[in-house]
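Colleague:
Residue numbers (our numbering), protein chains in the order written: chain A, 1 to 261; chain B, 1001 to 1261; chain C, 2001 to 2261.
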């Protein structure tokens, strides 16, 4: 049984270790896998993106624990969800929303965690990761039925996935995130580009599609289908973001062949 | 069997991986859990604080390996300690002292590690984490009796835990540490505050106690009982330390209701 | 069965977690151990150094996965190698070369990974860590014969290990790397130094050899045999690199007793 962890806790405080200690006290044989603890503090959009783009590479039955929880101690609900054979445990603040929206196939089932028998006591008002989410994740990994956590709900919070939209004959996309290598991930898909295209972003123009980084000439910014299935703006052995100077949310303008390039 | 790791090694060098390799060569089925490797170099006070505030969330029987070891290669002693059903392996430089001082209940037992049969050979003068602490931790996790490491001692080094003290009618506390979110952890307790209080720190005044972050108004610095049981100075979805500009050791002055507020 | 991971992926993106998910889907009981993910982007020299200096501390039979792969998607070959009872999976760009060169004893065997049955499909052009290296490492950890990955080769890429060379009566060495504590690791050995020596580096002179950090006087830069067997330039509880201001590749000049000191 695998439990993945995605948080905004960083690695300098003992928060992550404490949650792992709590989980191993319940599920001694769990495989604990860090996805990342470097989510910017309180950034639920980054969190849901990271979770949506990583969970499917784990075996079915994996429990995914996500603790990015600016509303800890308020009346925001703790949730457990079942999607495509994976289980998710997280606060009801949108961190599961890309996962829940992107599902094709079986309907996701989402439950409001209310069963206090699964909690660590006393429950603090400042660290539900330790007192609610970690123990519930561990009990689910150990085989507890997801229905045992509380009542099913359908009105969980969803953040809008930023999908591209047409404005006249241009498709307007956006920067989703920047990776460690400086690649600029967009919300465009390969099928959006067609045989000829022009991407305008932050005063730059990109007109070339490459199939691999190493096909590109030195110094060239190009488009490439990244490993998550989105178009990325990249350079070969260099950082595209240092050249383009963009960040999440920056608009991208796409013109394709049908337009006069 | 679980072994936790707390060091000042960082994650860029292979030091942590090397210690894990040594331990898995001895205790192949150990669950290795990183608490943190981001202790500032040589900072034994931060280390003992992190260990004291995290160990109890692991199941009894866990072995906690702490390598913050500025005196490596000198005659400082390597120690193994047994406290509340947990086992600790660390240099004798105070990194265990908050653990040993905070114990209520059974007396801690501390041993001077001298049994060279448990060491990796040859023993270097610069990396006892690899050659002494890691293998001893692994043998203990595998079930070796703690008495087998060497003679029991009582004169281990302890750092003074910074407890608040009265000066006139004011209680003087101190900043213990800052967490990743910018929360300022103090050594004050909820019971110190009483129904009405005024905290003075770095020119600021805090008079409000909140039970959760989300109760607070935007921009407000408040006191809250943190998850480690200490009073923290915090803001809602914002960094208190950026506002207060304090660091560990900064004095905090507390006046309570009995005083004229 | 242990699989170690060494990459330049960092810990903020989901890349490492994704590779772990893929491996656990194939080898559910694997012990996954991070060596480091902080290799500077594309830095194959740093990678091969880290791998060579850490692998031998793991038990024989360990599979070492190294993904520092600037040529991903090009025709650079994926490799699996067997050295001293350890197995390595990596791109053919030199990241295995220090391991392969430093072997004394049995000849290393190296194979060109071509068996697509071991790959995750579809194979992307941008993330062979996920689609080729991780699954092959997991199959090997689960017991697949290394010969099953593809044909044996001998023309793999090797980077030259920077060995010291004589110029007149001086031995010219180089800085290999800087560790987290600011210790400056060189490619000199203890036997190079002799009873009396003078090291010149970046305008400074070092003439003292210490056996442990704590032997040194405050403020003194000294030479010491580090835990990897190389001479390091160090200070006691302080950072030698902040004083010497050197980086990898900087030349070190060594004069020994036979010379007029």
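Beta carbons: idealized from backbone N, C-alpha and C, even for Gly.
(1) Does residue 1078 of chain B get closer than 8 Å to chain C when you measure Cβ to Cβ?
(2) In the DSSP output, what is residue 87 of chain A paired with across the bridge?
(3) Whose Cβ in chain B lies nearer than 7 Å to the Cβ of residue 2181 of chain C?
(4) State buried or exposed for residue 2189 of chain C, treating a residue as buried only when at least 16 other CB atoms are found within 10 Å of its CB.
(5) Do residue 1153 of chain B and residue 1112 of chain B have their C-beta atoms closer together than 8 Å?
(6) Measuring only the C-alpha atoms, how far is residue 2139 of chain C from residue 55 of chain A?
(7) Could you tell me whether any Cβ in chain A is nearer than 8 Å to the Cβ of residue 1186 of chain B?
(8) Rounded to a whole number of angstroms, what is the C-alpha to C-alpha distance between residue 1029 of chain B and residue 1057 of chain B?
(9) Using a Cβ cut-off of 8 Å (strictly closer), state whether residue 1025 of chain B contacts chain C.
(10) Between the C-alpha atoms of residue 97 of chain A and residue 64 of chain A, what's the straight-line distance to the nearest angstrom?
(11) Does the CB of residue 59 of chain A have a neighbour CB from chain C at under 8 Å?
(12) Taking residue 2230 of chain C and residue 2186 of chain C to be in contact with their CB atoms under 8 Å, please state how far apart those CB atoms are, rounded to whole angstroms.
(13) Strictly under 8 Å for the Cβ-Cβ distance: is residue 2092 of chain C near chain A by that measure?
(14) Rounded to a whole number of angstroms, what is the C-alpha to C-alpha distance between residue 2005 of chain C and residue 159 of chain A?
(15) Could you give the distance in angstroms between the alpha-carbon of residue 2136 of chain C and the alpha-carbon of residue 2089 of chain C?
(16) Using C-beta distances below 6 Å, list every residue in its chain close to residue 1150 of chain B, excluding the 5 sequence neighbours before and after it, in chain order.
(17) Would you say residue 36 of chain A lies against chain C (beta-carbon separation less than 8 Å)?
(18) Over what stretch of residues does the alpha helix (DSSP H) that includes residue 1048 of chain B continue unbroken?
(19) In the DSSP assignment, find the unbroken beta strand (DSSP E) run with residue 2173 of chain C in it and report its ends.
(20) First and last residue of the beta strand (DSSP E) that includes residue 2139 of chain C?
(21) Looking at C-beta atoms only, is the number of pairs between the region 2245 to 2260 of chain C and the region 2156 to 2172 of chain C that lie closer than 8 Å three or more?
(22) Tell me whether residue 1 of chain A sits in a helix, a strand or coil according to DSSP, three-state version.
(23) So, using beta-carbon positions, are residue 2241 of chain C and residue 2182 of chain C closer together than 8 Å?
(24) Report the option in A:72, A:52, A:66, A:196 whose CA atom is closest to the CA atom of residue 84 of chain A.
(25) Do you know whose CA, among A:12, A:42, A:99, A:22, lies nearest residue 50 of chain A's CA?
(26) Using alpha carbons as the reference points, say which of A:213, A:219, A:197, A:131 lies closest to residue 206 of chain A.
(27) Taking residue 43 of chain A as the reference, give the member of A:61, A:22, A:67, A:24 with the closest Cα.
(28) Quick check: is the beta carbon of residue 1004 of chain B nearer than 8 Å to any beta carbon in chain A?
(29) By a C-beta neighbour count over all protein chains shown, 10 Å radius and 16 as the cutoff for buried, is residue 1031 of chain B buried or exposed?
(30) Closest by CA to residue 69 of chain A, which one among A:62, A:61, A:79?
(31) Please state whether the Cβ-Cβ distance between residue 13 of chain A and residue 1180 of chain B is less than 8 Å.
(32) What's the call for residue 2038 of chain C, buried or exposed, on a 16-neighbour Cβ count within 10 Å?
(33) Is there a Cβ from chain C that is less than 8 Å from the Cβ of residue 1204 of chain B?
(34) Looking only at its own chain, which residues have a Cβ that is under 7 Å from the Cβ of residue 119 of chain A, when we skip the five neighbours before and after it?
(35) Which of helix, strand or coil does DSSP assign to residue 2233 of chain C?
(36) Nearest to residue 193 of chain A by alpha carbon, out of A:209, A:203, A:178?
Modeller: In this structure, then:
(1) no
(2) Beta-bridge pairing links residue 87 of chain A to A:63, A:82.
(3) 1041
(4) Exposed, because fewer than 16 other Cβ atoms sit within 10 Å of the Cβ of residue 2189 of chain C.
(5) yes
(6) Cα to Cα, residue 2139 of chain C sits roughly 21 Å from residue 55 of chain A.
(7) no
(8) 21 Å
(9) Judged by the 8 Å Cβ criterion, residue 1025 of chain B is in contact with chain C.
(10) 14 Å
(11) yes
(12) 6 Å
(13) No, because no Cβ of chain A sits closer than 8 Å to the Cβ of residue 2092 of chain C.
(14) Spanning the two alpha carbons is a distance of roughly 34 Å.
(15) 8 Å
(16) 1111, 1112, 1113, 1114, 1115
(17) yes
(18) 1044 to 1054
(19) Bounds of the beta strand (DSSP E) holding residue 2173 of chain C are 2170 to 2178.
(20) Residue 2139 of chain C -> not in any beta strand (DSSP E); alpha helix (DSSP H) instead, spanning 2134 to 2141.
(21) Note that the region 2245 to 2260 of chain C touches the region 2156 to 2172 of chain C; at least 3 beta-carbon pairs, one per stretch, sit closer than 8 Å.
(22) coil
(23) yes
(24) A:52
(25) A:99
(26) A:197
(27) A:67
(28) yes
(29) buried
(30) A:79
(31) yes
(32) buried
(33) No, no contact with chain C.
(34) 131, 132, 135
(35) strand
(36) A:209
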